[in-house]
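Under this note's numbering, the residue at position 75 of the sequence shown is numbered 983, and the numbers go up by one with no gaps. Beta carbons are placed, not taken as given, at the ideal position from N, Cα and C, and that holds for glycine. Small disclaimer: the values here were computed from a predicted structure and weren't measured. In what follows, a single structure is set out as structure tokens and then discussed.
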Amino acid sequence: MVDPFQGTWNVDLTSKESRIWDAEKETYVADNIGSEITKMKIENGVQEYEVLYGQNPTLRMGYTSRYDSTDWAPYTVRGIEGVPEQDQERAAIEFRERTKSPYPFAIGKPIQYVRTIKVDERTHYRISKDVNGQADFILMRRMDESQDTYVATLIDVSGRILIVRRFRRVQ
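Next up, the structure:
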């Protein structure tokens, strides 16, 4: 049986569910990521995950993690697309500032370490710690019964929901 999360997914920023917590305004605001395309390949309980994240530039990041393993997998920046090689460091800094992200986005370096937990066919979690070994986030992915969409909910260590994004199957 093919894992229902296997495939290519595109964030639906027009969905009423998609939102991001703005700590300065202390409220949820529209998500300005611009684009997020995820690709998941799952075989024999191993999830290969790659994301094309953002626009101008687009960060290519990913990890390979076995469901329910106690091993931490590096979630690594694999490339920065849409800018010349000599401008990638500057583009990563600007992207970080624009998105208010805590991560440096350095090519070839992990931004986090993750574990994935499969609860059932439609639900899995990604638990993360930062590069210093401290708890970071929990991400829950919950597939709709149609298996054409799922919602990803990112929760911080204090239990606050930071990001909610609906993804639609592309293929």
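Buried or exposed (CB count within 10 angstroms, at least 16 for buried), residue i
i	result
R1023	buried
Q955	buried
A931	exposed
A1000	buried
A1043	exposed
R1006	exposed
R1049	buried
S973	buried
V959	buried
Beta-bridge partners of residue i, as assigned by DSSP
i	result
Q914	In the DSSP output, where bridge partners are listed per residue, Q914 has none listed.
Y961	E944, L967
G987	R968
Q994	In the DSSP output, where bridge partners are listed per residue, Q994 has none listed.
Y975	DSSP lists no partner for Y975.
K1026	H1032
A1043	K1037
I1063	I1046, I1069
T1057	R1076
D930	T935
E925	Paired residues: none, contrary to the question.
Whether residue i touches residue j by CB criterion (8 angstroms)
i	j	result
I950	W917	no
K1017	T1057	no
Y975	I1025	yes
K1037	Y1021	yes
Inter-residue CB distance, residue i and residue j (contact presumed, cutoff 8 angstroms)
i	j	result
R969	F913	The residue you asked about is not Arg; residue 969 is Met in the sequence shown. Their Cβ separation, rounded to whole angstroms, is 17 angstroms, which puts M969 and F913 out of contact at 8 angstroms.
R1068	D920	Going by Cβ atoms, the distance from R1068 to D920 rounds to 23 angstroms, so no, they are not a contact pair.
Y1033	I1019	That belief does not hold up - the Cβ atoms of Y1033 and I1019 are roughly 18 angstroms apart, past 8 angstroms.
M1051	R1030	4 angstroms
Self-check item: Three-pair Cβ contact test at 8 angstroms for the segment 965-982 versus the segment 920-930
Solution: no
Self-check item: Stretch-stretch touch, CB-based, cutoff 8 angstroms, three pairs: the segment 987-1003 with the segment 929-941
Solution: no
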